[in-house]
Amino acid sequence: MREVQAAEITKTVRDLFIDANCNLGEDVLAAFDRGIATDESPVAKEVLRELKENARIARDEQSPICQDTGLAVLFVEIGQDVHVVGGELKAAINEGVKKGYGEGYLRKSACHPFTRANTKDNTPAVIHFDIVPGDKVRILAVPKGGGAENMSRVDMLSPSAGLEGIKDFIVKRIEASGSNPCPPTVVGVGIGGTFERSALLAKKALTRKIGERNADPELAKVEVEVLERINKLGIGPMGYGGNTTSLDVFFEVEPCHIASLPVAVNVQCHATRHKEAVI
Amino acid sequence: MAEIKLRTPLTDKDVEKLKIGDKVLLTGVIYTGRDAAHKRLYDLILAGKELPIDIRGQVIYYVGPAPAKPGKPIGSAGPTTSYRMDAFAPKLMELGLKGMIGKGNRGTEVVEAMKKYKAIYFGATGGAGALLARSIKKAETIAWEDLGPEAIQRMEVEDFPVVVINDTKGNDLYVEGAKKYRKA
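Heads up: the sequence lines are chains A and B, in that order.
For the first sequence, this note's numbering gives the first residue as 956, with consecutive numbering after it.
For the second sequence, this note's numbering gives the first residue as 170, with consecutive numbering after it.
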């Protein structure tokens, strides 16, 4: 067994959330550049230039890209040969969130669903654990803003709807979302498993880098096809019109029940933030 | 695109000349307000009580800013999605609200209220919170500190960049923009 200190996990989580919120990925910046070069709308180009400038300011000042610094979502893979010492794992992660959002001047967006009273430290985090082979801990911090999350949906399609039904569901969802989720968006699609598994797959799909195609060549083709259909909707950056409505579409697919065809669409705004560390 | 400079508070004359797609630079005082603050404003109105701000001619910015770093007036402060304020917006326009800044589509009843009461829905670039914060020179909480990022703040802005999404004639930039570039 390899021992990992809870304090190290706390520090890592703290740093990851500050980093993710202040430093936009190069893959996203490159996607903005492609939109600036190819979009037919002058207004779209202007919005994309603003987003680039915004990312530059955020990086220089180490201030958040967007004021919605999200609920703190994490994917945590624990090697089965790891023993966490010096504290409880979940508590250590939540402490890291508390520190990151406090010391990083990030907005605290967690509140009670009915009273709407703010928890004031952005906890509890939404943590998805997985046990994997090895003796490492891999932590992926995915701050998730509310505006785009609100546009996400799960549907239990009839198996007869097939792949075409899935494609239509995704394109219609993005069309109905319009300007709300801060386009250009990234679209995470989870297909298969159960009701909750499809949603988790869709969330996990959003942790890929822009342009990173599915390992399955057939699915890779479908991703590109759906992206092209979305970008024909005309919504454009901020919904002001244009050809850059989404930057990418990612599918994650698993087997499902013979009676079911679960499909989840998790919408992500252009501030697509995810940073990882391995301890 | 021509840029129109406007100073708050806004008059009927100011807003009636605006049309969708116009780029406007706002200077003066604006107030922040999002979900929880709107609910409280609305409840006060229904109870016939006084509001913490005189709403006449004012502009409400749908935003919950990030905390200010030392030496800065405000943290990142871009718009939040506006439809969640739809249930409350017509009442505020009836009382004299002249402008709303946010992002995302508004409901029919809000667009109708903008025609009826002469008000404008401005869009600011969503997710450009670090950039937009540069146009905010001063910010202070004036009501409901307990709401944290949702408290009402009085902001002094200079050339705050917005685009007209819905004008006083019932036009909608989102509808026209998508129509122009749709290929399917």
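Even for Gly, the Cβ is constructed at its ideal location relative to N, Cα and C.
Since we're looking at a predicted model, the values are computed, not measured.
| Check | Outcome |
| --- | --- |
| Test: residue 1196 of chain A CB closer than 8 Å to a CB of chain B | yes |
| Same chain, Cβ closer than 7 Å to residue 272 of chain B, neighbours up to 5 away in sequence not counted | 248, 250, 251, 292, 293 and 295 |
| Within chain A, partners of residue 342 of chain B - CB distance below 7 Å | 1195 |
| Cutoff 8 Å: residue 274 of chain B Cβ touching any chain A Cβ | yes |
| Pair within 8 Å by beta-carbon distance, residue 337 of chain B and residue 184 of chain B | yes |
| Cut-off 6 Å between Cβ atoms - residues of its own chain near residue 1051 of chain A, not counting five sequence neighbours on either side | 965, 968 and 969 |
| Given residue 186 of chain B as reference, the closest of B:289, B:316 and B:341 once Cα atoms are compared | B:289 |
| Nearest-angstrom Cβ-Cβ length linking residue 1147 of chain A and residue 1157 of chain A, presumed shorter than 8 Å | Rounded, the Cβ-Cβ distance is 11 Å, inconsistent with contact. |
| Contacting residues, own chain, Cβ-Cβ under 7 Å from residue 1133 of chain A (five flanking each side not counted) | 1190 and 1194 |
| 7 Å CB neighbourhood of residue 1130 of chain A in its chain, flanking five on each side removed | 1188 |
| Within 8 Å, strictly: CB atoms of residue 311 of chain B and residue 234 of chain B | no |
| Residue 977 of chain A - partner residues in DSSP beta bridges | According to DSSP, which records beta bridges pairwise, residue 977 of chain A is partnered with nothing at all. |
| Close Cβ partners of residue 209 of chain B (< 7 Å) along its chain, the five nearest in sequence each way excluded | 313 |
| Proximity test, residue 190 of chain B beta-carbon vs the ligand FAD heavy atom, cut-off 7 Å | The ligand FAD is absent from the structure shown, which contains no ligand whatsoever. |
| Start-end ranges of the beta strand (DSSP E) lying completely within the region 956-1029 of chain A, minimum 3 residues | 957-960 |
| Beta bridge counterpart(s) of residue 324 of chain B as assigned by DSSP | B:199 and B:308 |
| Cα-Cα separation between residue 182 of chain B and residue 329 of chain B, rounded to whole angstroms | 20 Å |
| Closer than 7 Å at the beta carbon, the chain A residues around residue 218 of chain B | Those do not exist, as residue 218 of chain B stays about 20 Å from chain A at its closest Cβ, beyond 7 Å. |
| Contacts around residue 1049 of chain A, its chain only, beta-carbon distance under 8 Å, and the 5 residues preceding and following it disregarded | 1078, 1079 and 1080 |
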